[in-house]
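Counting in UniProt numbering, the sequence shown runs from 1 upward without gaps.
Accompanying notes for the structure given below.
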Amino acid sequence: MIASLLRLFFFEKIVFIFVFSYKDVTFVVVIDFFLMKEFLKVALFQTDIAWENPKENRERLAYQLSRLSTDTDMVFLPEMFTSGFSPNAEKIAETMQGETIEWLKKQAKQYNVAIGGSLAIGQEQNYFNRLVIALPEGNFVCYDKRHLFTSSHEKNVYKCGENQYFLTYKGWKLALFICYDLRFPVWVRNTERYDAAVFVANFPCQRISAWDTLLRSRAIENMCYTIGVNRVGVDKNPAVYNGHSAVYNSYGECVSGQISCDETIIYAILNTKTLHKHRSEFPALNDVDNFCLKN
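Shown next as structure tokens:
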């Protein structure tokens, strides 16, 4: 048997290519190892949302993206960022080949970032509140909101998602969630050893203290970063929104600066050494209860 090993280094990963021959047959084995970037810079677009007007909202966000810090790795937009939290799915829903998906892919490539938020998607005679994150390479990942907000009759319009989704980007493993999911710790429970939990939201000001507390709690109990992006302004429901977008570390400390109620871009830097040091010194994730979820 003749064997050789080729090791290639790329920006985000190491690729091992193992080639060997046996009985006149050549075998090639490719193994990828993702490199975890030590510092991951995220931007939270705490923006107002024009009611049921995707074009205006894309234009507003395009302007904000033109001001983006050039060393940003990921950009997160609020829940229903093209329309506001509208029950009129027949009017606002797009397809996965629609204008907003193409717009997200274009922005990801232009600014070399992963970028996403949730929007109404129509698919196979159903509507979903779907978080879509476009990647610079041209592909994208999706998560459908699991917990639909009964008080606003969201459950009567949209279909709930059935699966969790974990995105690995620049070596960081991120769990994706939408708004009301934040209130359900079993769904968010860190059984997959993710590094950060992302929540895109339309969380109104009358419940903003719960938003602050739950973001912090999810970070502490799951020993991870939590990234929460919320909108500002007033919608037609009517509901008033006052932001409070923030990033918390695994200690429950806010690492995104002073809490803001205004339209702004909020930055935070996630630190892998800080996270892994905390998990090593206080390995609480090793003692979690085992369970399974049933639909």
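Idealized CB from N, CA, C, for every residue including glycine.
Everything numeric in this text was worked out from a predicted model, so none of it was measured.
Whether residue i touches residue j by CB criterion (8 Å)
| i | j | result |
| --- | --- | --- |
| residue 38 | residue 178 | no |
| residue 147 | residue 184 | yes |
| residue 231 | residue 107 | no |
| residue 157 | residue 200 | no |
| residue 134 | residue 172 | no |
| residue 166 | residue 144 | no |
| residue 117 | residue 77 | yes |
| residue 222 | residue 188 | yes |
| residue 84 | residue 52 | yes |
| residue 136 | residue 170 | no |
| residue 132 | residue 174 | no |
| residue 250 | residue 214 | no |
| residue 119 | residue 99 | no |
| residue 252 | residue 216 | yes |
| residue 35 | residue 74 | no |
| residue 180 | residue 149 | yes |
| residue 161 | residue 49 | no |
| residue 190 | residue 159 | no |
| residue 176 | residue 198 | yes |
| residue 279 | residue 270 | no |
Limits of the unbroken beta strand (DSSP E) element including residue i
| i | result |
| --- | --- |
| residue 144 | 140–144 |
| residue 246 | 246–248 |
| residue 49 | Taken as a continuous stretch (DSSP letters only), residue 49 belongs to no beta strand (DSSP E), as it is neither H nor E. |
| residue 226 | 225–229 |
| residue 126 | 126–134 |
| residue 233 | 232–234 |
| residue 75 | 74–76 |
Exposed unless 16 or more other CB atoms sit within 10 angstroms - verdict on residue i
| i | result |
| --- | --- |
| residue 63 | exposed |
| residue 240 | exposed |
| residue 92 | buried |
| residue 293 | exposed |
| residue 10 | Residue placement at residue 10 is flagged as unreliable, the pLDDT there being 43, under the threshold of 50; a coordinate-derived value is accordingly withheld. |
| residue 72 | buried |
| residue 154 | buried |
| residue 203 | buried |
| residue 81 | buried |
| residue 43 | buried |
| residue 226 | buried |
| residue 7 | Caution applies to residue 7, whose pLDDT of 49 falls short of 50 and renders its modelled position unreliable; the value that the coordinates give is listed next. Per the 10 Å Cβ criterion, exposed. |
| residue 193 | exposed |
| residue 138 | exposed |
| residue 290 | exposed |
| residue 57 | buried |
Per-residue DSSP class, three states only, for residue i
| i | result |
| --- | --- |
| residue 299 | Since the first and last residues shown for the chain are 1 and 295, residue 299 lies out of range. |
| residue 67 | coil |
| residue 279 | helix |
| residue 93 | coil |
| residue 239 | coil |
| residue 41 | strand |
| residue 270 | strand |
| residue 10 | Only weak support is given to the placement of residue 10: the predicted model assigns it a pLDDT of 43, under 50, and the value that follows is read from those uncertain coordinates. Three-state DSSP puts residue 10 in coil, outside helix and strand. |
| residue 289 | coil |
| residue 1 | Since pLDDT at residue 1 reaches only 48, below the 50 mark, its modelled position is unreliable, and the value read off the structure follows with that caveat. Note: residue 1 maps to coil in three-state DSSP. |
Where the alpha helix (DSSP H) containing residue i begins and where it ends
| i | result |
| --- | --- |
| residue 259 | Per DSSP, residue 259 belongs to no alpha helix (DSSP H) and is neither H nor E. |
| residue 100 | 99–111 |
Test: residue i CB closer than 8 Å to a CB of chain C
| i | result |
| --- | --- |
| residue 115 | In the displayed structure, chain C is absent; only one protein chain is listed. |
Quick check for students: name the residue ranges of the alpha helix (DSSP H) that lie wholly in the stretch 147–218, counting only runs of 4 or more. The stretch 147–218 contains these whole alpha helix (DSSP H) runs: 154–157 and 185–188.
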